[in-house]
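All remarks here apply to the structure that follows.
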Amino acid sequence: MRYDDRVERRLRTKEVLTIPTGRSMADEAVRRGAIDLAQGVLHAEPPPVLLELLAEVSRQPHAHVYASPRGVPEYLEALADLLRREGVSAAPANILGSSGNTGGLMAALLAHCNAGDRVLLPEPFYPAHLWAIRAARCEPVFLECTKEFSPEEDNLRHHLQNVRAAIICNPANPSGAVWPRALLESAIDIARGKDVLLIVDETYKDYVWEGSFISPLTLTDDWRGLVVLRSFSKTLAIAGWRAGYTISAPERIAAMTHQIHDALYVGAPSLPQLVLTRALRTHRAELDRFVTENVARYRESRTQLADVFHSVGMEPVLPQGTFYMLVKHNRESDIAATTELLDAGVAVAPGQAFFQDPTKPSGTIRIHFAVSPETVEEVRKRLAPLRVG
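Residue numbering for the sequence shown follows this note's numbering, beginning at 149 and increasing consecutively.
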């Protein structure tokens with residue numbers, strides 16, 4: 149790539165980053181004293197047992213040294229057991245203890261792709277997936293999803309013909325779409341025939357409101373062309389711990405680890421891995437109860453916040469999964485809708501940040517509803533002056 153091409157790409161990326169995102173709107177919420185419905189951070193404390201174990205484990209000297217780039221061996225064993233409980237036959241050799249979900253994504257892209265390779269990305273998409281593609285010096289190929297935000301099988305087949313990899317978010321951020329079994333099976337079959345790596349982000353697998361979540365790990369025994377990304381950030385409210393894990397075939401995990409995950413991160417932080425190992429082995433019931441209670445709470449806030457935004461003349465699109473919701477705003481532009489709500493004391497993300505042309509209004513905003521009942525009521529109160537009808 150020529151020098152001027154590199155400069156042009158970086159300028160293009162800088163231009164994209166000037167469009168408000170969930171993260172930048174979260175910062176604005178703090179500055180303005182607004183309620184943050186922009187960035188997907190659970191409005192919950194971590195499970196008490198994790199905080200108790202954190203205090204205990206942090207007193208152990210080995211908790212503060214480098215971990216293996218692959219992950220703490222006991223952590224990998226605990227994760228393999230967790231997967232087996234879900235009906236996924238995995239061994240520690242199938243797992244990378246990654247520095248968050250993003251650590252696994254970057255390792256997968258850099259181990260498999262060369263600069264200039266094309267990577268398929270269904271839209272609307274999670275912006276960090278696009279940033280990862282560009283950071284790996286690959287070219288994004290966008291796949292329009294029109295039917296309930298899932299792609300048509302023929303369109304998916306067509307787009308998988310000439311790419312090196314594909315990133316699928318299931319359930320999807322920001323749309324909340326959950327890929328059905330038949331579509332996942334088709335993606336696996338098509339990708340295998342074309343030697344395309346399927347990278348599946350399953351961060352929100354525990355948040356499914358309609359239908360059923362199915363992991364491709366259960367649909368094929370051949371994981372050589374499959375990488376699955378998972379994280380505890382959104383289920384246990386520990387996003388700052390950077391505790392993720394990645395599942396694939398042993399040879400791919402090895403390639404992702406050596407000189408890539410090692411070079412980028414040295415390894416995931418030791419302390420969270422040790423704490424989670426103890427928790428998964430001896431306090432599984434408390435963790436499961438924490439997730440179950442939050443899922444029930446957010447199911448209610450999904451319905452209630454949809455009613456709130458409907459009352460101000462907007463049209464929520466109820467998601468099948470995740471704790472995000474796209475809302476058709478019926479305003480002049482995404483930025484106008486975002487500004488109107490921010491002025492009322494509620495921060496949301498403009499929908500255009502999740503599409504290939506972030507300068508073009510999408511007609512939507514994105515909210516997250518992983519919030520407390522008290523927050524729902526405060527949103528209702530702040531938006532009351534905007535009610536129509």
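A virtual CB, placed ideally from N, CA and C, is assigned to each residue, including glycine.
Since residue i is in the beta strand (DSSP E), which residue starts that stretch and which ends it?
i      : result
Ala314 : Ala313 to Cys317
Ile347 : Leu345 to Asp349
Lys529 : It is not in any beta strand (DSSP E) - Lys529 instead sits in the alpha helix (DSSP H) that spans Pro521 to Leu531.
Tyr393 : Gly392 to Ile395
Ile515 : Thr512 to His516
Pro464 : Glu463 to Val465
Arg378 : Leu374 to Ser379
Pro288 : Glu287 to Glu292
Taking the continuous alpha helix (DSSP H) assigned at residue i, which residues delimit it?
i      : result
Glu204 : Pro196 to Val205
Phe457 : Arg432 to Ser459
Glu488 : Asp482 to Asp491
Ala403 : Pro398 to Met404
Taking a contact to mean a Cβ-Cβ separation below 8 Å, would you say residue i touches residue j in this structure?
i      : j      : result
Tyr119 : Lys382 : The question about residue 119 has no answer, for the chain in this structure spans 149 to 537.
Ile401 : Asn242 : yes
Ile408 : Ala276 : no
Gly245 : Leu224 : yes
Leu308 : Leu345 : no
Leu304 : Ser334 : yes
Thr394 : Val375 : yes
Thr512 : Leu466 : no
Phe502 : Pro195 : no
Ile483 : Val496 : no
Ser360 : Glu350 : no
Tyr274 : Asn318 : no
Arg593 : Ile183 : An answer regarding residue 593 cannot be provided, because it is not within the stretch 149 to 537 covered by the chain.
Gly264 : Arg282 : no
In this structure, does DSSP put residue i in helix, strand or coil?
i      : result
Phe361 : coil
Val123 : Outside the shown range of the chain (149 to 537) lies residue 123, about which nothing can therefore be said.
Ser418 : helix
Val423 : helix
Leu165 : With a pLDDT of 49 at Leu165, under the threshold of 50, the predicted position of this residue should be treated as unreliable, though the coordinate-derived value follows. Leu165: helix per DSSP, three-state reduction.
Ala411 : helix
Tyr223 : helix
Gly469 : strand
Glu271 : strand
Ser298 : strand
Asp184 : strand
Ser247 : strand
Leu474 : strand
Pro209 : helix
Arg233 : helix
Ala241 : helix
Ala284 : coil
Ala192 : coil
Ala215 : coil
Ala263 : coil
Ala497 : strand
Leu534 : helix
Buried or exposed, going by whether 16 or more other CB atoms sit within 10 Å of the CB of residue i?
i      : result
Glu296 : exposed
Gly388 : exposed
Asn310 : exposed
Pro533 : exposed
Arg329 : exposed
Ser510 : buried
Leu448 : Note that residue 448 is Glu in the sequence shown here, rather than Leu. It is exposed - the Cβ of Glu448 has fewer than 16 other Cβ atoms within 10 Å.
Val524 : buried
Arg535 : exposed
Thr440 : exposed
Tyr214 : exposed
His210 : exposed
Ala461 : Reading off the sequence shown, one finds Gly at residue 461, where the question assumed Ala. With fewer than 16 Cβ atoms within 10 Å of its Cβ, Gly461 is classed as exposed.
Ala226 : buried
Gln468 : buried
Ser237 : exposed
Arg312 : buried
Chain C beta carbons: is any one of them nearer than 8 Å to that of residue i?
i      : result
Val524 : The structure shown has no chain C; it contains just one protein chain.
(message) Quick check: the region 515 to 523 against the region 441 to 458, are at least 3 beta-carbon pairs closer than 8 Å?
(response) Cβ pair count under 8 Å is three or more, so yes.
(request) Could you tell me whether the region 190 to 205 touches the region 414 to 431, using the rule of 3 or more Cβ pairs below 8 Å? (result) yes
(message) Does the structure place the region 369 to 380 close enough to the region 286 to 302 that three or more beta carbon pairs sit under 8 Å?
(response) no
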